[in-house]
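Visitor:
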Amino acid sequence: MFKLIDERGRKLYRGRFAPSPTGPLHFGSLVAAVASYLDARAHGGEWLLRIEDVDLTRTVPGAADGILRTLEGFGLQWDGRVLVQSQRLDLYRAALVSLQRRDYAYPCACSRREIAACSPPTSVDGGLIYPGICRRGLADGRAARAWRMRVPDDEISFDDRVQGRVRQNLERAVGDFILLRADGQFAYQLAVVVDDAAQGVNAVVRGVDLLASTPRQIWLQQRLGLPTPTYAHLPVVTNAVGEKLSKQTRAKAVDPSEGSEVVAAVLRFLGHPVPQELSRGPLTDIWRWATDTWSIRQVPALRGAFPG
Ligand code: GLU
């Protein structure tokens, strides 16, 4: 395990980049990698890497390796060994059991169709807010398909380092959310909370598309007695028609042979315009400049279009 306090008793910064291996690293994911890396290095902290392959249905064989090689190609050096979520199912199970024992989690028998039949309101994620059918126990003859987390009719709030004060009423915005899916896979929300705590991560820097998930993660941290890291949610990179860059929108893979030019474009996007000569120079120079110059206060809160 890493130590969170140095020999002089100072608290160390520990950040991470946690890509899902669903395809090659594209400009949008490089933005999250670079911002989390620079924020860690500018604080003299550590930067860990975690492969989030807990959803095996989305995992593409070979993608994790490709992401690691691309990060290396750009000169992004991580600390320690790479954690792989699919090898950590026992930890997620233990967290689920701890929530089940205290009745924070309950079994749910509902299918998607049954939930939709209640015409519940839409959640912040664009899904359906669970109408609470199994909240007070399974009806006779019904079998558990999944496990859900009870949420309070209460506001969770936190200060995001980029987006400012964020508030969300979990019951109205999200509803009782899934911890263990009907296909037997653990949900991202549970895995990310368990892993951030197990790795001692105390600063999370990631895309604003995950902002709506953060109150759920804070709620889980509170119920599991885990510390809450600081959060910074970056603007999401969109393509010319305003879609988030992703595998679904056929985002182009970034190419480390274009080194400094790509890094300069990322830094411009993050509110750090790079001196001309550095965008044509060696990667080591641009990283040195960026680490010295980095300030999360310069990162714009709003989403921006893919440069170029
Ligand atoms: N695995 C998530 C993704 O690639 C990121 C999760 C996180 O940073 O918390 O979108």
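Count along the sequence shown from 1, then add 813; that gives the number in my numbering.
Every residue, glycine too, gets a C-beta built ideally from N, C-alpha and C.
Mapping DSSP to helix, strand and coil, what is Tyr943?
Guide: Reduced to three states, the DSSP call for Tyr943 is coil.
Visitor: When DSSP labels each residue in this structure, what does Trp1102 get in the three-state scheme?
Guide: Helix, per DSSP.
Visitor: What are the start and end residues of the beta strand (DSSP E) that includes Tyr919?
Guide: Here the beta strand (DSSP E) through Tyr919 covers Ala918 to Cys921.
Visitor: Looking at the structure shown, is Val1006 part of a helix, part of a strand, or coil, going by DSSP?
Guide: Note: Val1006 maps to helix in three-state DSSP.
Visitor: Taking only the alpha-carbon atoms, compute the straight-line gap between Arg773 and Gln1035 and give it to the nearest angstrom.
Guide: With the chain represented from 814 up to 1121, any question about residue 773 goes unanswered, as that position is not in the structure.
Visitor: Measure the alpha-carbon distance for Ala876 versus Ala952 and round it to whole angstroms.
Guide: For Ala876 and Ala952, the distance between alpha carbons rounds to 43 Å.
Visitor: Please give the ranges of any beta strand (DSSP E) in the segment 951-1006, keeping only runs that are unbroken, at least 3 residues long and fully inside the region.
Guide: With a minimum length of 3 residues, the continuous beta strand (DSSP E) runs that stay inside the segment 951-1006 are 959-962, 968-973, 977-982 and 990-993.
Visitor: Put Val1112 into one of helix, strand or coil per three-state DSSP.
Guide: In this structure, Val1112 counts as coil in the three-state DSSP scheme.
Visitor: Along the chain, where does the alpha helix (DSSP H) containing Ala1045 start, and where does it finish?
Guide: Element bounds for Ala1045: not the alpha helix (DSSP H) but the beta strand (DSSP E), Thr1043 to Leu1047.
Visitor: In chain order, what are the residue ranges of uninterrupted beta strand (DSSP E) at least 3 long that sit wholly in the segment 855-923?
Guide: 859-864 and 918-921, all fully within the segment 855-923.
Visitor: Quick check: what's the CA-CA separation for Pro934 versus Ser833?
Guide: About 29 Å.
Visitor: Only counting the same chain, and skipping five residues up and downstream in sequence, which positions put a Cβ closer than 8 Å to that of Trp1107?
Guide: Excluding positions up to five away in sequence, the list reads Leu851, Asp852, Arg854, Ala855 and His1085.
Visitor: Using three-state DSSP, classify Thr1051 as helix, strand or coil.
Guide: Thr1051: strand per DSSP, three-state reduction.
Visitor: Return yes when the C-beta of Ser833 is under 7 Å from any heavy atom of the ligand GLU, and no when it is not.
Guide: Yes.
Visitor: Please classify Pro874 as buried or exposed, where buried requires at least 16 other C-beta atoms within 10 Å of its C-beta.
Guide: With fewer than 16 other Cβ atoms within 10 Å, it is exposed.
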